[in-house]
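Going down the list, the sequences are from chains A and B. Our numbering applies: residue 74 is where the first sequence begins, and numbers increase by one. Our numbering applies: residue 4 is where the second sequence begins, and numbers increase by one. All C-beta atoms, glycine included, are put in the ideal place defined by N, C-alpha and C.
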Amino acid sequence: MVRLSETTTETPALPGDGLRERIVGQVRDVIGDGLVDSLVKPGDDVWLRVRTDAWRAAGMALRDAVGCDYFCFLSAIDWMPSPYGRGEDDPTEPPPERDDTIRQGYTGGETRLQVFARVYSIDEHVGVTVKADVPDDDPVVDSWLPVYAGANWHERETHEMFGIRFAGHPDLRNIYLPTDFEGHPLRKDFPLIARMVKPWPGIVDVEPLPGDGEGEGSDD
Amino acid sequence: MTDLLDRQKLSYIAAQAADARLNVELETEGMTLNIGPQHPATHGTLRIIVRLDGEQVVWAEPSAGYMHRGYEKLTEVRTFPQVTTLVNRIDWLGSFANEVPFILAAEKLMEIEAPPRAQWIRTILFELSRIANVSLFLGDLGVQMGAITPVFLAFRDREYVLNLIESATGGRFHPNFDRIGGLKDDLPKGWIDETRQVMKKLRNFCDEIEDLLFGNEIFQSRTRGIGVIPREVALQYGLSGANLRASGVDWDLRRDQSLPLAYDQIDWKVWTHPDGDSFARCWMRLQETREATLIVDRLLDGIPSGPIMAKVPRIIKVPEGEAWVSTENPLGEMGYYVVSKGDLGPFRVKIRSASFNNISIVPWVLRGVYVPDVITILASLYFILGDIDR
C-alpha cells in the first residue's frame with residue numbers, strides 16, 4: 074500500500090548518527106576552532122557549542138553549509154541556581170543553605186548565561202541546537218538578524234528577559250514588559266514576587282498523600 | 004508564486020497610479036492608526052500600530068504583551084506534573100495539544116514511553132483539539148469580512164467536539180488530562196461511536212463553510228493574491244503549521260519526525276498550497292480540519308487494547324538532561340526545550356509557541372497593503388493571544 078503520508082523526498086537515514094555527525098563536521102569545516110564542543114545523541118538530536126565571537130558565523134554556517142533554512146527559536150539560559158530555591162521557603166525560618174555552583178548542561182560552558190537557538194533543515198528533516206557563552210561582565214553577542222530575519226523578535230524577548238544585548242540589532246525595545254521595567258525577569262536572581270509577598274501555602278497546609286503510610290513511592 | 008507576487012505588485016502599482024492622479028492637488032498626510040487592542044480582528048488584545056499614507060500601510064508594528072503571564076518563570080517553581088496546568092492555557096482553543104509536547108519532553112528525559120493505547124488516545128484527543136481550534140477559525144473568518152452566518156455554524160459544531168473532549172477528560176477548555184507515562188483515565192463507554200457521529204457532522208460543517216465562504220466571490224477577491232508570503236521568507240521567519248504549508252513548504256511535524264504518537268500507524272495526507280496568499284492559508288486550514296476528522300476516524304478503528312499508564316514512580320523526579328520536543332499544534336509548531344537538573348521541577352523551560360513566530364512576520368507582510376487587507380491578512384495568519392504572550 075502506498076501511503077499518502079509518506080514523504081516523496083528521500084530521508085537520509087532518520088536514525089541519523091551519520092547525518093548528525095556530518096552536520097558537526099560541516100560546521101567545523103566552516104568555523105574551525107570556533108566550534109568548542111558538540112554532542113550527538115544518535116537518532117535523536119545534536120547540540121553544538123560555539124565561541125561567542127563565532128556565534129553569527131555559526132548561524133551562517135548552519136544556514137548555508139548545512140542547509141538549515143528553517144528558524145525555530147532563539148533564547149537564553151541562566152545556569153545560576155536560583156538563590157530563592159523554588160520559592161517555598163518559610164519566611165519565619167532563616168533561609169536554608171543552597172548549592173550555588175553553576176553547572177552548565179549539555180556541551181558545557183564557562184559563563185553563567187548562554188544563548189541558544191534551534192534551526193531545522195527542512196529537506197533533511199533534522200534539527201540542530203546551537204549554544205554560545207555570553208560574557209558575564211558585558212553580556213553582548215552578535216545579532217542573528219543577518220542570518221535569519223525571524224530572529225528579530227526572539228532577540229528582543231531575550232534582551233528584555235535576560236539582559237543580553239545583541240550587537241547589530243537595530244531596535245531592542247521590549248515586547249512584553251513596560252518600557253521602564255527594571256530587571257530581567259528570567260534571570261534566576263530575579264525573585265518571583267508572587268512567592269515573596271505571600272508565603273507558599275504548601276509549607277503550612279500539607280496534606281498526607283493517600284498511601285503515605287507505606288513509605289513514599291514504593292517503586293522509585 | 005512569482006506570478007502572484009507580480010500580480011499583487013501590479014495591482015498595487017495600478018492603484019497607486021490612480022491615487023496619484025486623484026491626489027495631484029490633495030497631498031496625503033501620513034497618519035498613524037491603532038488597530039486594537041480591542042478590535043474583533045485581534046482575537047484578544049493585540050494592538051497593531053500602522054502608519055498610513057492614504058489608504059496604504061507604510062509601516063506596521065504589532066504590540067503584544069497585554070496578556071503576558073510569565074509561564075517560563077512560573078514553570079521554575081512548579082513540579083513536572085503541575086506544569087501541564089499552566090501550559091494548557093497557552094493556546095486556549097486547543098488546550099490538550101499544548102500538554103502533549105511537554106509531557107513527551109519529560110518522558111524523553113525519563114526514558115519512558117506511554118503504552119500504545121495511551122499513545123493512540125493522545126493522538127485522537129490531539130486531533131480533536133485541532134478540530135475545536137480550527138473550526139472556530141473557519142467561522143471567525145467570515146466575521147472578519149462581514150459574513151455573520153459562518154460563525155454561528157462554527158460555534159454550533161465546535162460544541163459537539165467540546166462535548167466529546169469534556170466527556171473523555173472532564174474539562175471543556177482545559178483538560179489537563181495528559182500524564183507523564185500515559186493518561187489520567189481511559190475513554191468512557193460509548194465514546195468511540197459518538198465520536199464517529201461527530202466527525203460526520205464536522206465534515207458536513209467543512210462542506211458548509213466551503214460552500215458559504217470559499218466559493219464566495221467577495222471572499223476570493225479579498226484574499227486571492229493578498230498578503231503573499233514566499234517560501235523563503237516563511238522559512239526565515241519560522242512560520243509553521245498551515246501558514247508554512249500554504250507557502251508551498253511540505254513540512255509537517257506529525258509526519259517528519261518520529262514521536263511516540265500514532266500518526267505513523269495510519270494513512271493520511273499532508274496538504275500544501277503553492278500560492279502563499281491569504282486564500283491559501285485559509286484553504287489549508289479547511290483541508291486540515293477535514294483531514295483531522297479522517298485521521299480521528301482511522302485512529303478510532305485501530306485503538307489497541309491494554310493499559311493507559313506506564314509504570315512511573317509516584318513522586319516524579321526527572322533525570323538531569325536537556326530535551327527538545329515539538330509537535331504540530333493547531334497553530335503551528337509548538338515546542339518545549341526542557342532543562343532538568345534531576346529535581347522535582349524543571350530548571351528551565353523555553354516555550355516555543357507558534358503564534359509568536361507567525362505574528363513576527365506582520366511588519367514585513369503588511370508593508371504596502373491597503374487598510375481593509377490588514378484585517379484579512381491578520382485573520383488568515385491566525386494567531387491566539389495566549390500563544391504569543393505565554
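Check your understanding: Using 9 Å as the limit for Cβ to Cβ distance, is B/D392 near chain A?
Key -> Counted from its first residue, the second sequence places residue 392 of chain B at position 389. Answer yes: the Cβ-Cβ gap between B/D392 and chain A drops below 9 Å somewhere.
Review point. Is B/L334 close to chain A, meaning its C-beta is less than 9 Å from at least one C-beta of that chain?
Key: Counting from one through the second sequence, the residue named residue 334 of chain B turns up at place 331. No, no contact with chain A.
Review point. Along the stretch 229-254 of chain B, what residues have a CB closer than 7 Å to any CB found in chain A?
Key: L238, Q239, Y240, G241, V252, W254
Exercise for review: With a 10 Å radius around its C-beta and 16 neighbouring C-beta atoms as the bar for buried, classify B/D255 as buried or exposed.
Suggested key: Taking the first residue of the second sequence as position 1, residue 255 of chain B is located at position 252. By the neighbour-count rule (16 or more Cβ atoms within 10 Å), B/D255 is buried.
Review point. Can you name, in chain order, every residue of its own chain whose Cβ lies under 7 Å from the Cβ of B/G185, other than the five neighbours on each side?
Key: If you number the second sequence from 1, residue 185 of chain B lands on position 182. The answer, listed in chain order, is A117, P118, A121, I311, M312, A313.
Check your understanding: Closest to A/R191 by CA distance: which of A/D172, A/S148, A/I96, A/H232 is it?
Key -> Here residue 191 of chain A refers to the residue found at position 118 of the first sequence. Looking at the Cα atoms, A/S148 is the closest of the given residues.
Check your understanding: By the criterion of Cβ-Cβ separation under 8 Å, what are the contact partners of B/W327 in chain A?
Key -> As a position in the second sequence, residue 327 of chain B is number 324, starting the count at 1. Around B/W327, the beta-carbon contacts reaching into chain A at under 8 Å are D118, R191, G200, T202.
Review point. Where in the stretch 199-231 of chain B do unbroken runs of the alpha helix (DSSP H), each at least 4 residues long, occur, reported from the N-terminal end onward?
Key: For the stretch 199-231 of chain B, whole alpha helix (DSSP H) runs of length 4 or above, ordered along the chain, are 220-226.
Practice item. Please report how far the alpha carbon of B/D267 lies from the alpha carbon of B/R258, in whole angstroms. Key: Here residue 267 of chain B is taken as the residue at index 264 of the second sequence, counted from 1. Here residue 258 of chain B is taken as the residue at index 255 of the second sequence, counted from 1. In a straight line, the C-alpha of B/D267 is about 7 Å away from that of B/R258.
**Study point:** Listed by chain order, chain B residues near A/S155 by CB distance under 8 Å
**Key:** On the first sequence, residue 155 of chain A is found 82 positions in, with the first residue counted as 1. Residues of chain B passing the Cβ test: E79.
Review point. Of all Cβ atoms in chain C, is any one closer than 9 Å to the Cβ of B/Y385?
Key: Of the chains in the structure shown, none is chain C; the protein chains are A and B.
**Study point:** Nearest to B/I269 (by Cα), restricted to the options B/W95, B/E220, B/E294, B/V342
**Key:** Residue mapping note: residue 269 of chain B aligns to position 266 of the second sequence, counting from 1. For B/I269, the nearest C-alpha among the options comes from B/E294.
**Study point:** Proximity test, Cβ basis, 9 Å: B/S276 and chain A
**Key:** The residue you call residue 276 of chain B lines up with position 273 of the second sequence. One point to set straight first is that residue 276 of chain B is His, not Ser, in the sequence displayed. Between B/H276 and chain A, the shortest Cβ-Cβ separation is not below 9 Å.
Check your understanding: Can you name the residues of chain B whose CB is closer than 8 Å to the CB of A/D142?
Key -> Taking the first sequence and counting its residues from 1, the one referred to as residue 142 of chain A is at position 69. In chain order: E235, L238, Q239.
Review point. Using a Cβ-Cβ distance under 9 Å, would B/G389 count as near chain A?
Key: The residue given as residue 389 of chain B occupies position 386 in the second sequence. No, no contact with chain A.
Check your understanding: Which residues does DSSP pair with B/R393 in a beta bridge?
Key -> Sequence index remark: in the second sequence, residue 393 of chain B carries index 390 (1-based). Its beta-bridge partners do not exist; DSSP assigns none.
Check your understanding: Which of the three DSSP states, helix, strand or coil, is assigned to A/A86?
Key -> Along the first sequence, one-based indexing puts residue 86 of chain A at 13. Since pLDDT at A/A86 reaches only 48, below the 50 mark, its modelled position is unreliable, and no value is offered.
Practice item. Would you please state the rounded distance, in angstroms, between the beta carbons of B/Q327 and B/G335? I believe it to be under 8 Å. Key: Counting from one through the second sequence, the residue named residue 327 of chain B turns up at place 324. Counting from one through the second sequence, the residue named residue 335 of chain B turns up at place 332. First, the amino acid is wrong: residue 327 of chain B is Trp here, not Gln. In this structure, B/W327 and B/G335 do not form a Cβ contact; the two beta carbons are roughly 16 Å apart against a cut-off of 8 Å.
Review point. Can you name the residues that DSSP bridges to B/Y340?
Key: Locating residue 340 of chain B in the second sequence gives position 337, where the first residue counts as 1. According to DSSP, residue pairing for B/Y340 in a beta bridge involves B/W327, B/K353.
**Study point:** Exposure of A/T125, with buried meaning 16 or more beta-carbon neighbours within 10 Å
**Key:** Taking the first residue of the first sequence as position 1, residue 125 of chain A is located at position 52. Classification of A/T125: buried, given that the 10 Å Cβ count is 16 or more.
Exercise for review: Could you check the C-alpha separation between A/P251 and A/L259 for me, to the nearest Å?
Suggested key: What you label residue 251 of chain A is simply residue 178 of the first sequence in a count that begins at 1. What you label residue 259 of chain A is simply residue 186 of the first sequence in a count that begins at 1. In a straight line, the C-alpha of A/P251 is about 15 Å away from that of A/L259.
Check your understanding: To the nearest whole angstrom, what separates the beta carbons of A/E233 and A/Y221, a pair I think is in contact under 8 Å?
Key -> Position 160 of the first sequence, counted from the start, is the residue given in the question as residue 233 of chain A. Position 148 of the first sequence, counted from the start, is the residue given in the question as residue 221 of chain A. Not confirmed; about 19 Å, so no contact.
**Study point:** Boundaries of the beta strand (DSSP E) in which A/A205 is found, first to last residue
**Key:** What you label residue 205 of chain A is simply residue 132 of the first sequence in a count that begins at 1. That run of the beta strand (DSSP E) goes 199-207.
Review point. Name the residues in the stretch 74-105 of chain B whose C-beta lies less than 8 Å from a C-beta of chain A; which are they?
Key: E75, K76, L77, E79, V80
Review point. For B/G68, which residues in chain A fall below 9 Å Cβ to Cβ?
Key: Residue mapping note: residue 68 of chain B aligns to position 65 of the second sequence, counting from 1. Chain order gives the chain A residues near B/G68 as N247, I248, Y249, L250, P251, where near means a beta carbon separation below 9 Å.
Review point. Hey, is B/W62's beta-carbon within less than 9 Å of any beta-carbon in chain A?
Key: Counting from 1 along the second sequence, the entry for residue 62 of chain B is found at position 59. With 9 Å as the cut-off, B/W62 does not count as an interface residue toward chain A.
**Study point:** Chain-ordered neighbours of B/V342 on chain A, where CB pairs are closer than 7 Å
**Key:** Mapped onto the second sequence, residue 342 of chain B falls at position 339. The answer, in chain order, is I150, G178.
Practice item. Mind checking which residues open and close the alpha helix (DSSP H) that includes B/F386? Key: The residue labelled residue 386 of chain B in the question sits at position 383 within the second sequence. The continuous stretches of alpha helix (DSSP H) do not include B/F386, and DSSP gives it neither H nor E.
Practice item. Measure from the C-beta of B/Q260 to each C-beta in chain A and report whether the shortest distance is under 9 Å. Key: In the second sequence, the residue the question calls residue 260 of chain B occupies position 257. So, interface residue.
Exercise for review: Indicate the three-state DSSP secondary structure (helix, strand or coil) for B/Q268 in the structure shown.
Suggested key: Residue 268 of chain B sits at position 265 when you count from the first residue of the second sequence. The answer is helix: DSSP assigns B/Q268 an H, G or I state.
Review point. Looking only at DSSP bridge pairs, what is A/P113 linked to?
Key: In the first sequence, counting from the first residue as 1, residue 113 of chain A sits at position 40. For clarity, residue 113 of chain A is Val in the given sequence; the question names Pro instead. According to DSSP, which records beta bridges pairwise, A/V113 is partnered with A/V119.
Review point. If you measure from the beta carbon of B/K204 to each beta carbon in chain A, is any gap under 9 Å?
Key: Taking the second sequence and counting its residues from 1, the one referred to as residue 204 of chain B is at position 201. False, the Cβ-Cβ gap to chain A never drops below 9 Å.
Check your understanding: Using the beta-carbon count (16 or more within 10 Å), is B/M34 buried or exposed?
Key -> Translated into the one-based positions of the second sequence, residue 34 of chain B becomes position 31. Classification for B/M34: exposed.
Check your understanding: Quick one: Cα of B/E323 to Cα of A/Y157, how far?
Key -> As a first step, residue 323 of chain B is located in the second sequence; it is residue number 320 there, counting from the start. As a first step, residue 157 of chain A is located in the first sequence; it is residue number 84 there, counting from the start. The straight-line gap from Cα to Cα measures roughly 20 Å.
Review point. Do A/T231 and A/L121 have their C-beta atoms within less than 9 Å of each other?
Key: Locating residue 231 of chain A in the first sequence gives position 158, where the first residue counts as 1. Locating residue 121 of chain A in the first sequence gives position 48, where the first residue counts as 1. No, the pair does not count as a contact, with Cβ atoms beyond the cut-off.
Review point. Alpha carbon to alpha carbon, how far is A/V207 from A/R129?
Key: Residue mapping note: residue 207 of chain A aligns to position 134 of the first sequence, counting from 1. Residue mapping note: residue 129 of chain A aligns to position 56 of the first sequence, counting from 1. Rounded to whole angstroms, A/V207 to A/R129 spans 13 Å at the Cα level.
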